[in-house]
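K.L.:
Taking our numbering, the leading residue of the first sequence gets 123, the next gets one more, and so forth. From the three backbone atoms N, C-alpha and C, an ideal C-beta is built for every residue, glycine too. If you're wondering where the values come from, they're calculated on a predicted model, not measured in any experiment. First, the structure itself, so that you have it in front of you.
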Amino acid sequence: MSENMKKNVRVRFAPSPTGYMHVGNFRTALYAYLFAKKNSGDFLLRIEDTDQKRFIQDALEKLIDILKWAGFEYSEGVFIEDGKVVQKGNFGPYIQSERLEIYKKYTDQLMEQGHAYRCFCTSERLEEMRKQQQAEKKPPMYDRHCLNLSKEEVAEKIKQGEKFVIRQKIDTEGFTEYDDLVRGKVKIKNELLDDQVLLKSDGYPTYNLANVIDDHLMEISHVIRGEEYVSSNPKYVQLYKNLGWDVPQFAHLPLLLNSDKSKLSKRQGDVAVEDYIKKGYLKDAIINFVALLGWNPGEGSTQEIFSMQELIETFDLSHVHKAGAIFDLKKLDWINGQYIKKLSLEELYAAALPFLKEKEFFQKAAASRQTEEFAKKVLKIEQERLVKLTDVGEENRFFFEDIKAEKDMLRW
RNA sequence: GGCGCUAUCGUCUAGUGGUUAGGACAUCAGGUUCUCAUCCUGGUAACCGGAGUUCGAUUCUCCGUAGCGCUACCA
Numbered sequence: 123m124s125e126n127m128k129k130n131v132r133v134r135f136a137p138s139p140t141g142y143m144h145v146g147n148f149r150t151a152l153y154a155y156l157f158a159k160k161n162s163g164d165f166l167l168r169i170e171d172t173d174q175k176r177f178i179q180d181a182l183e184k185l186i187d188i189l190k191w192a193g194f195e196y197s198e199g200v201f202i203e204d205g206k207v208v209q210k211g212n213f214g215p216y217i218q219s220e221r222l223e224i225y226k227k228y229t230d231q232l233m234e235q236g237h238a239y240r241c242f243c244t245s246e247r248l249e250e251m252r253k254q255q256q257a258e259k260k261p262p263m264y265d266r267h268c269l270n271l272s273k274e275e276v277a278e279k280i281k282q283g284e285k286f287v288i289r290q291k292i293d294t295e296g297f298t299e300y301d302d303l304v305r306g307k308v309k310i311k312n313e314l315l316d317d318q319v320l321l322k323s324d325g326y327p328t329y330n331l332a333n334v335i336d337d338h339l340m341e342i343s344h345v346i347r348g349e350e351y352v353s354s355n356p357k358y359v360q361l362y363k364n365l366g367w368d369v370p371q372f373a374h375l376p377l378l379l380n381s382d383k384s385k386l387s388k389r390q391g392d393v394a395v396e397d398y399i400k401k402g403y404l405k406d407a408i409i410n411f412v413a414l415l416g417w418n419p420g421e422g423s424t425q426e427i428f429s430m431q432e433l434i435e436t437f438d439l440s441h442v443h444k445a446g447a448i449f450d451l452k453k454l455d456w457i458n459g460q461y462i463k464k465l466s467l468e469e470l471y472a473a474a475l476p477f478l479k480e481k482e483f484f485q486k487a488a489a490s491r492q493t494e495e496f497a498k499k500v501l502k503i504e505q506e507r508l509v510k511l512t513d514v515g516e517e518n519r520f521f522f523e524d525i526k527a528e529k530d531m532l533r534w
């Protein structure tokens, strides 16, 4: 393929606003960002807020704050300016709840072409059906109860005000195959695929529909997302084909795990990036650490410390692992210490001050005298042994508490 | 239960049809250091199990096991 035939690289980060930035999600954002930068492509932010039951007020702001904090600059999508949500770019809107007509349009098209159909089944019936299938040790799948409803039956049900969803009519013949940039060729028997719901009865799309439509319409070249979508992907591939669209490149990232190898969860420690910031980890350390969870620079490199620039230069999806990685705080501690050591005194002071201000001994000292000069002296001594910013000053609180000791020390 | 994916030191990982299986974190020992930390040196520590292919498998194939994911009108 010649250079000018090559499609522009366009990558998106598409979180749903659930209230905080999960570190697993953060890593997905990082990899997507690195990939975009490495290939001089576009990086954009789309918001997947199609689940009205889980809507959370401040979630969007928090999400954007973290992206900004991390330095994942995006050129397109959803921004917050002067406290207001704004959208930029030629492929908007970038908030899915504002794209409802678009989803409607394409579901209509799919129905006309026989790739989708209305389903009036109640959740009770579906539950019953699944139970039975399980009892018979069959895979729980929609039984196509509503597939062959006549036009009259459908019209009648609609007239009666029965609620319905729209399901994808899976092509059950043969296989669906696609290339995954981290997993290689993936091939699956179509008869195993379920007629998944595309449009909910409230008119909102499911992820299953929205991700395909948006990724296509926004001209996303590489779909980078978590491993949890691997098994659904063949259905998405069918959808692309049904719609007559080219299939993008896929890259499904391995999961981040707890120390017992279960999926990284709140119950076993902190999972929000915010938590790690509060705990006194530096931005660059967190990024460095997370980047190494599931990726390595390859070529026999033994480099452990990477600046953002170096990450951009070396990052490559082909060196992303297939297996999940345990989130090991010990290594984070070490990396954080490395970064703290590299800071100038001014930088360290700036980074440490918010943590110092939390300390009672510092507050007392600051109330009665000028503390900046002194704090810097202390930081200088502590710098090489400091692991987390939350520990700042602790080993030298004595100096803060005793004004004479402080004076002696300043004379050094 | 069904389907799929995955599997190298405790952890993150490199790597190969023949290697002393390499690095980093952690850990242990020693050195530097007034002490602690940093730093330096060294050590312990791994190819999930079983078959098969092969002159030779950690590497390739199959089976098993385990873990994870999906199995929602959640994403």
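(1) Under the DSSP definition of a beta bridge, which residues are partnered with D302?
(2) Quick check: what's the CA-CA separation for K486 versus L404?
(3) Helix, strand or coil: how does DSSP classify Y326 here?
(4) How far does the alpha helix (DSSP H) with I462 in it extend, from its first residue to its last?
(5) Out of curiosity, what's the CA-to-CA distance linking K175 and R519?
(6) Would you mind stating whether F449 and L379 have Cβ atoms separated by less than 8 Å?
(7) Could you spell out where the beta strand (DSSP E) holding R547 opens and where it closes?
(8) Strictly by DSSP, which residues pair up with C268?
(9) Considering only residues of the same chain and omitting the five flanking positions on each side of Q505, which have a CB-CB separation below 7 Å?
(10) Name the one or two DSSP bridge partners that A447 has.
(11) Counting C-beta neighbours from all protein chains within 10 Å, is the total for F297 16 or more, i.e. buried, or is it exposed?
(12) Mapping the DSSP letters down to three states, classify E504 as helix, strand or coil.
(13) What do you reckon, are the CB atoms on E516 and Y329 nearer than 8 Å?
(14) Is it right to say V208 is buried, meaning 16 or more other beta carbons lie within 10 angstroms of its own, or is it exposed?
(15) Use the C-beta contact count for P327: other C-beta atoms within 10 angstroms, 16 or more gives buried, fewer gives exposed.
(16) What residue ranges within the region 223-274 form continuous alpha helix (DSSP H) runs of no fewer than 4 residues, ordered along the chain?
(17) Pull up the distance between the alpha-carbon of E284 and that of S245, whole angstroms please.
(18) How about V412 and F148: do their beta carbons lie closer than 8 Å?
(19) Would you mind sorting E198 into buried or exposed? The rule is 16 or more other CB atoms within 10 Å of its CB.
P.N.:
Taking the coordinates as given:
(1) Answer is G306 and F372, bridged to D302.
(2) Between K486 and L404, the C-alpha separation is close to 26 Å.
(3) Y326 sits in coil when the DSSP states are folded into three classes, being neither helix nor strand.
(4) Unbroken alpha helix (DSSP H) run through I462: L451 to K464.
(5) Cα to Cα, K175 sits roughly 49 Å from R519.
(6) Yes.
(7) There is no way to answer for residue 547, as the model of the chain reaches only from 123 to 534.
(8) Note: C268 sits in no beta bridge, so no partner.
(9) Excluding sequence neighbours, Q505 sits near I462, K463 and L470.
(10) Answer by DSSP bridge pairing, in chain order: L378.
(11) Exposed is the call here.
(12) Helix.
(13) Not in contact: E516 and Y329 (Cβ atoms no closer than 8 Å).
(14) Per the 10 Å Cβ criterion, exposed.
(15) Flag for P327 reads buried.
(16) Taking only runs of at least 4 residues, the alpha helix (DSSP H) segments lying wholly in the region 223-274 are 245-257.
(17) E284 and S245: Cα-Cα distance of roughly 13 Å.
(18) The answer is yes: Cβ separation under 8 Å.
(19) When all chains shown are included, E198 counts as buried.
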